[in-house]
Every structure is written in structure tokens, then in C-alpha cells.
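Just so we're aligned, residue 69 is where the sequence shown starts under the working numbering, counting upward by one. Backbone N, C-alpha and C define an ideal beta-carbon position, used for all residues, glycine too. Note that the coordinates shown come from a computational prediction; the quantities given were computed from them, not determined experimentally. Report on the structure given below.
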Amino acid sequence: MKNKIFSALFGIVFAIQLYGIYETDQSFAIFSKPLIVITLLAWLFASTNLKGRFTKQIFIGLVFALLGDILLMYVDVSDRFFIYGLVAFLMCHIFYIRAFSLDHKSNPDHKNPYFLWAVGAFSVFCTGLFFYLQPYLGGLQFPVLLNAIIISVMAIMAVNRYGKVNILSFKLIVIGALFFLLSDAVLAVNKFVQPIPESRALVMASYMIAQFLIVYGTVTRKLVVTRTEI
């Protein structure tokens, strides 16, 4: 029941945010943007009571995501807010990586047939995106490269959960990680290379879907091998 209630609430926030993006009056978008993660934080807390290290790591990651969302609202004031927001989301991804790593530790002997494929695919994505962006980055080459590496590692670790958690949680979080890659790639290309039509809506929609799926995958998570609660 809680999942249905919070999914409905998130759907309302999702719709308001996209409506605000297309409206000339930006008050809807400004008002609803912090509510994206606030709704997910409330859902995670209400459904899990933050029991276990995995849930706590995801919760902390969401707090950094909320900070990043707020900071990126002020990029028109100063470019520094873009860097601050980037750092906040780096921390978000690092805590997601820490969480996903816990599932690997729950059953480290399990052989994941998709792990090496994920390493190869996401390494190609990371390298290709960076070299495409590089001529346009100026002094931002290192932070953008670091962000690309971290989010790619996050996606790899999401795939590495296969066989260690129930299939629903695995699929939800992997798809969420892929939407995160899409959101970051569109944001980077639009900012540094060339404008992409409807980029703001695409970035926000894919970002909201990513966070929603990661939280949904967290609240439905069950370990295949339960030694201790992680």
C-alpha cells in the first residue's frame, strides 16, 4: 500500500515538474524540484525505517541529490553552482556505489555472467562520452571525466547485484542507473556541445525516473543469501 501511495504522490510531482518546465511561469518547476527527492526520502523512510546499511547509504545519497537539485537551480546566478551541484551528485553516486557493493558482499562467490559485459559497455560509454565532450570542456575536463567515471562505476555495480538480490529489485535499479546515464549525457551535451531540443524536459524526466526506480528497487530489495542484515 505504501508503495502505491508514494508512487502516486511521486507521479503528481513528476507531472508538476514537467508542466512547470513547459510553462513560461517557472514557479511550478522551482516549487516542485525539491519535492522530487523529498518525496522519495519520505517513501524510503516510511517503507524501511532505514533498517540496514544498504537503505542508509541510499538515503544519504538521496540527501546529496536533494542538495544537488537545489544548487543547480542557481546556475544562472553563477557557474560555480554547476560545479557545486556536480560535486553533490558525485557524492550521491558514491553512496549508491557503496550501497550496491554491500549486495555483492552478501554473496561474493556468486558468478555474475553480466558483470564483464557491463564493465566493457559502460567503459566504452564513459570513454566515448568524455572524448566527445573534451574539445568543449576547457578547464572542466577533470570534474566532467570524474563524473563520467563515477556514474559508470555506479551502473556497473548496479549490474553486479545480479543473483544476489531478488530479480525485481535488480531490474529496477539497473534500469534506474541507465536512466541516470541518459540524464547526465543529455545534460552534458546540451551544456557543453550544442543545444538539444527539449533537453530540459528530457534531462528532468530521465532523472526523476532514475531516482524513482532506484528507490523502488530499494524498498522491494530482498537478499538471495541472508547472512546478516546489510
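Residue i: first and last residue of the uninterrupted alpha helix (DSSP H) it sits in
i	result
LYS290	Run containing LYS290: none; DSSP gives neither H nor E here.
MET222	209–227
GLN202	Premise fails: GLN202 is in no alpha helix (DSSP H) and is neither H nor E.
GLN85	70–90
PRO176	Taken as a continuous stretch (DSSP letters only), PRO176 belongs to no alpha helix (DSSP H), as it is neither H nor E.
LEU112	95–116
ILE138	121–140
Nonlocal neighbours in the same chain, by C-beta distance under 8 Å from residue i, ignoring five residues either side
i	result
THR288	ASN71, ASN234, LEU236, SER237, LEU240
PHE127	LEU109, LEU112, PHE113, LEU118
PHE247	SER274, TYR275, ILE277, ALA278, LEU281
VAL271	SER251, VAL254, LEU255, ASN258
PHE168	MET222, MET225, ALA226, ASN228, ARG229, ILE241
LYS264	Position check: residue 264 holds Ile in this sequence, whereas Lys was assumed. Here the set comprises VAL254, VAL257, ASN258, LEU270.
LEU201	VAL212, ALA256, VAL257, PHE260, VAL261
LEU170	ARG121, PHE122, GLN125, ILE298
Nonlocal neighbours in the same chain, by C-beta distance under 6 Å from residue i, ignoring five residues either side
i	result
LYS101	ASP137
SER115	LYS70, VAL287
THR107	LEU77, PHE78, VAL81
ILE84	PHE96, SER100
GLY285	SER237, LEU240, ILE241
TYR164	GLY129, MET222
TYR142	PHE149
Close-in-space but distant-in-sequence residues of the same chain around residue i (CB under 7 Å, 5 per side omitted)
i	result
ILE162	ILE218
ALA216	CYS194, LEU197, PHE198
PHE183	VAL227, ASN228
VAL105	LEU130, ALA133, LEU134, ASP137, GLN279
SER267	VAL254, ASN258
LEU154	PRO211, ASN215
ILE151	PRO211
Residue i - partner residues in DSSP beta bridges
i	result
VAL233	LEU291
Exposed unless 16 or more other CB atoms sit within 10 angstroms - verdict on residue i
i	result
ASP177	exposed
SER95	exposed
ASP144	exposed
TYR87	exposed
SER146	exposed
VAL261	exposed
THR123	buried
GLY129	buried
PHE99	exposed
PHE78	buried
ILE73	exposed
PHE157	buried
VAL283	buried
GLY244	buried
LYS232	buried
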